[in-house]
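Protein chains in written order, with the UniProt record's numbering: chain S, 1 to 430; chain X, 1 to 430. We put the CB at the ideal spot given by N, CA and C, even for glycine. Worksheet: one structure, shown below.
2 protein chains.
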Amino acid sequence: MKRVLAAELTEIMDDLVLLKGWIHKMKSFGKFAFVFLRDKSGVIQLVIEDEKILSQLKLEMSVEVKGIPVKNGKAPGGIEVQVKEIEIIGKTYYDLLPFSINQKKVEATLETELDYRYISLRRPDRRAIFKIQAEIVEAFKGYFKEQGFHEIHTPKIIASGTEGGSEMFTVNYFDRRAFLAQSPQFYKQMMVGAGFESVFEIGHAYRAELHNTWRHLNEYVSLDIETAFIKDEYDLMEFEIGFLKHLFQHLEENCKKELEMYNVVLPKIKEIPKIPLFEAQKILLEKYDKKSPLGNIDAEGEILFSKYIQEEYNSDFVFLTKYPASKRPVYTMPDDQYEGATKSFDLIYKGLEITTGGQRIHDYEMLRDNMIKFGLKPEDFGFYLDSFKYGMPPHGGFAIGLERITMKLLGLDNIRESTLLPRDMNRITP
Amino acid sequence: MKRVLAAELTEIMDDLVLLKGWIHKMKSFGKFAFVFLRDKSGVIQLVIEDEKILSQLKLEMSVEVKGIPVKNGKAPGGIEVQVKEIEIIGKTYYDLLPFSINQKKVEATLETELDYRYISLRRPDRRAIFKIQAEIVEAFKGYFKEQGFHEIHTPKIIASGTEGGSEMFTVNYFDRRAFLAQSPQFYKQMMVGAGFESVFEIGHAYRAELHNTWRHLNEYVSLDIETAFIKDEYDLMEFEIGFLKHLFQHLEENCKKELEMYNVVLPKIKEIPKIPLFEAQKILLEKYDKKSPLGNIDAEGEILFSKYIQEEYNSDFVFLTKYPASKRPVYTMPDDQYEGATKSFDLIYKGLEITTGGQRIHDYEMLRDNMIKFGLKPEDFGFYLDSFKYGMPPHGGFAIGLERITMKLLGLDNIRESTLLPRDMNRITP
């Protein structure tokens with residue numbers, strides 16, 4: 001007998017069906033009880049009259065049920081299942097659940113929820129976050145594959161800390177010291193030059209940053225692209241706009257139910273304003289009396305500037321462009337319009353940076369000279385710099401933080417809510 | 001003017017086109033030259049008459065070309081492009097290439113090829129390996145998504161070495177010691193129990209094994225699944241058979257050209273023989289006088305037994321089943337047919353194990369007791385064991401080594417050939 005999901009029950013009425021899931025809620029009326037069965041698709045009302053079995057049931061047990069679905073206007077969803085057989089297939093061994101799964105709200109702190117991820121995810125609203133997150137990944141992959149990009153998997157154990165230095169985790173790799181990659185930056189550039197031309201990677205990135213905030217993780221999923229033969233950084237921004245349009249279309253089609261749980265109205269994107277950083281700093285100062293750090297805007301500035309963009313352009317998104325060279329990595333292509341600026345950008349979404357990108361220097365001598373200008377030693381860059389000797393074409397790329405875009409899309413307060421099992425300075429379990 | 005790929009040129013003849021790529025080969029005839037342009041799609045013959053530009057061209061430069069495609073029966077593919085303009089957009093800075101890209105064979109060792117991955121991948125035959133690998137990932141994702149599986153991303157930095165112990169890399173995680181995950185095993189089980197029911201993950205796995213062989217990597221990509229409400233391990237083997245059928249269909253449709261480069265004839269799978277390990281050991285002894293280690297077969301045994309299966313069943317694949325409990329992890333479900341055996345399996349493909357899988361113990365007390373029986377301390381398993389207290393359903397799963405299946409499919413000799421940037425005891429760059 002083939003298993004049927006709770007959400008499929010509308011279509012197959014009046015025949016014996018097999019259901020499997022967890023005991024979500026129970027309401028006893030003496031001789032019978034309503035028992036709510038939860039599976040990955042939803043919750044269905046069971047009617048059980050066998051008092052002996054009722055006395056054995058406990059919340060969150062997993063069970064197999066055979067029964068006949070019938071219409072009942074009063075049951076949630078208009079259907080209930082009259083149970084003929086029920087078998088306990090996964091026993092429970094707890095006294096009290098750490099917090100309720102079947103109530104509207106979780107009566108626990110985020111930290112407790114995260115300590116019991118295997119309980120909190122039993123809530124459909126918590127699982128919905130990760131359904132949407134999986135579809136963001138799907139849309140990313142789908143869009144860039146359609147655009148001719150090739151998927152790569154690059155090493156996360158790397159030999160040298162040249163890109164990040166102090167903010168990297170060290171690994172004891174046999175008899176030497178290695179690092180966990182902060183990004184696939186060097187490798188994605190290398191693969192572009194090696195003839196794949198356009199690549200993307202969905203993979204972990206590691207930052208040993210010494211602060212715990214609502215928007216930082218020490219291990220996160222980075223959605224990276226890199227592509228050759230671009231004209232400049234504006235080509236890259238067009239790719240990101242194309243992706244975002246595709247993403248919201250894809251979510252509309254695949255996550256209606258989950259988006260409703262979080263009252264998400266998907267943005268309609270036509271254009272995304274592109275504003276040079278120094279202009280944004282000027283606006284922040286003039287309009288909000290907000291001073292910015294040299295060559296950047298801070299977290300508060302991002303929030304204020306997003307507010308301004310929302311009012312002026314009716315857009316959740318804004319590209320900040322033309323970051324100064326001093327605030328960007330050594331491989332960033334200098335701008336030809338503004339002295340000291342680069343062909344780089346960040347994308348701010350509802351007050352949070354979700355992307356950093358830009359055109360890269362592709363000429364060997366220019367890159368080497370820039371390293372020297374930055375006070376770096378070209379010989380420390382080994383294979384990376386060497387790979388530019390063989391006809392590297394103009395190229396660039398960007399990275400989107402998966403947990404960040406998920407968080408902002410759903411209006412969550414803390415990035416840990418959009419991370420299955422977050423890693424931060426204090427948390428390394430479960 | 002929109003760029004056209006070399007492989008698209010059949011369709012758009014006699015109009016000016018824009019091509020971009022690398023100088024693959026040059027044949028000079030004095031006043032003109034055939035210059036072969038390579039892009040990600042293939043190689044096309046250019047005819048260049050401008051002697052000044054010809055004198056500047058060097059192999060592997062990247063260039064932009066405007067020209068008119070014309071039919072020429074003698075040109076490879078029947079088309080050549082008469083060049084009107086050519087611009088060097090990516091200069092070269094080498095004296096000699098480390099090995100040839102445009103010859104039939106690479107005159108270098110595998111180690112040299114790997115040292116210069118950014119050069120060797122310029123060869124279409126090398127890139128083809130990774131095109132096929134990307135499509136294996138695509139097929140995996142597509143098949144299991146279609147089957148209702150949910151994609152997850154679980155941490156690779158973990159707190160405890162309980163699953164693997166000595167074969168794990170350690171990470172300096174702020175002020176404590178952490179490990180790199182050997183597999184997503186604990187987390188995928190946890191997510192099944194947390195209500196996703198069926199999950200898959202495409203992610204890195206780390207093994208600090210102290211040997212360098214043709215079939216081992218210290219960092220590899222693991223294609224993992226885990227699913228609830230199974231009857232036994234045979235359900236899992238059916239999932240793997242289903243995936244393999246889908247995979248070969250998918251490759252047939254998407255990688256014809258690349259498969260031809262390696263003379264691959266895709267297997268037609270109907271059934272895969274399932275043979276208990278002790279039977280396989282008996283056959284090896286009787287037929288090949290080959291002794292096996294206790295509770296396993298070794299690398300030579302895998303090759304001999306695959307030969308036997310090929311002869312007897314005409315199959316590239318064989319499931320070895322019923323491994324003894326002493327050779328499997330503590331969470332493996334005991335068998336109910338053979339004393340001391342487990343509901344576990346390996347899949348051997350052309351003489352190499354590419355999958356390990358099995359049903360897991362889902363009952364809290366049974367798992368705890370098994371830990372004690374194995375001489376382990378239940379309290380060391382913290383959240384993992386704890387997660388079994390809340391109605392864990394029957395479940396199981398398996399993992400496929402991405403580089404291994406790629407290697408065997410293409411008939412490669414060394415797993416490093418099917419790894420973009422391999423990590424082993426001696427290699428951590430590029």
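For residue i, which residues of its own chain have a beta-carbon under 7 Å away from its beta-carbon, when the five flanking residues on both sides are left out?
i: S/T112; result: P98 and F99
i: S/L421; result: R117 and P430
i: S/I136; result: L247, L402, I405 and T406
i: S/K291; result: L285
i: S/S315; result: I272, P273 and I309
i: S/A134; result: none
i: X/S55; result: none
i: X/Y173; result: I157
i: X/E146; result: none
For residue i, name the three-state secondary structure that DSSP assigns.
i: S/I88; result: strand
i: S/H246; result: helix
i: X/K141; result: helix
i: S/S183; result: coil
i: X/I209; result: The amino acid occupying residue 209 of chain X in the given sequence is Glu; Ile does not appear at that position. Coil.
i: X/Q310; result: helix
i: S/N218; result: coil
i: S/S41; result: coil
i: S/F149; result: coil
i: S/K20; result: strand
i: S/D413; result: coil
i: X/N172; result: strand
i: S/K268; result: coil
i: X/G77; result: helix
i: X/P334; result: strand
i: S/I241; result: helix
i: X/V192; result: helix
i: residue 437 of chain S; result: Since the first residue shown for chain S is 1 and the last is 430, residue 437 of chain S is missing from the structure and cannot be characterised.
i: X/I53; result: helix
Taking Cβ to Cβ, would you say residue i is nearer than 8 Å to residue j?
i: residue 431 of chain S; j: S/L251; result: Examination of residue 431 of chain S is not possible in this model, given that chain S is present from 1 through 430 alone.
i: S/F169; j: S/A208; result: yes
i: residue 432 of chain X; j: X/I79; result: Nothing in the structure corresponds to residue 432 of chain X, since chain X is present only between 1 and 430.
i: X/G388; j: X/Y364; result: Going by the sequence as given, residue 388 of chain X is Phe instead of Gly. In contact: X/F388 and X/Y364 (Cβ atoms closer than 8 Å).
i: S/V83; j: S/V47; result: yes
i: X/V318; j: X/P273; result: yes
i: S/A280; j: S/I297; result: yes
i: X/A6; j: X/S41; result: yes
i: X/E353; j: X/D346; result: yes
i: X/V171; j: X/E226; result: no
i: S/S344; j: S/E233; result: yes
Where does residue i land, buried or exposed, given buried means 16+ other C-beta within 10 angstroms?
i: S/L259; result: buried
i: X/T213; result: exposed
i: X/R38; result: buried
i: X/E403; result: buried
i: X/A341; result: buried
i: X/F144; result: buried
i: X/V35; result: buried
i: S/N263; result: exposed
i: X/E60; result: buried
i: X/K2; result: exposed
i: S/Q359; result: buried
i: S/N426; result: exposed
Given 7 Å as the limit, tell me if residue i has its C-beta closer than that to any heavy atom belonging to the ligand FMN.
i: S/G195; result: Looking for the ligand FMN in the displayed structure turns up nothing, as the structure carries no ligands at all.
Sorted by chain position, which residues of the same chain lie with C-beta nearer than 8 Å to residue i's C-beta, five sequence neighbours on each side aside?
i: S/K141; result: E151, F200 and I202
i: S/G295; result: L277, Y323, P324, S326 and K327
Give a yes or no on whether 8 Å exceeds the smallest Cβ distance from residue i to chain C.
i: X/R416; result: Note that chain C does not occur in the displayed structure, where the protein chains are S and X.
Ordered along the chain, which non-local residues of its own chain (more than five positions away) have a Cβ less than 6 Å from that of residue i?
i: S/E107; result: F99
Say whether the region 402-420 of chain X touches the region 110-126 of chain X, bearing in mind that this needs 3 or more beta-carbon pairs closer than 8 Å, one atom from each stretch. With the cut-off at 8 Å, the region 402-420 of chain X and the region 110-126 of chain X touch.
Between the region 155-162 of chain S and the region 28-44 of chain X, are three or more C-beta pairs nearer than 8 Å? With the cut-off at 8 Å, the region 155-162 of chain S and the region 28-44 of chain X do not touch.
Any 3 or more C-beta pairs closer than 8 Å across the region 210-225 of chain X and the region 281-297 of chain X: Result no; under three Cβ-Cβ pairs closer than 8 Å.
Just checking, does the region 66-83 of chain S make contact with the region 355-375 of chain X on the three C-beta pairs under 8 Å criterion? Output reads no: the region 355-375 of chain X does not touch the region 66-83 of chain S.
Say whether the region 229-243 of chain S touches the region 183-190 of chain S, bearing in mind that this needs 3 or more beta-carbon pairs closer than 8 Å, one atom from each stretch. The answer is no - the region 183-190 of chain S does not touch the region 229-243 of chain S, with fewer than three Cβ pairs under 8 Å.
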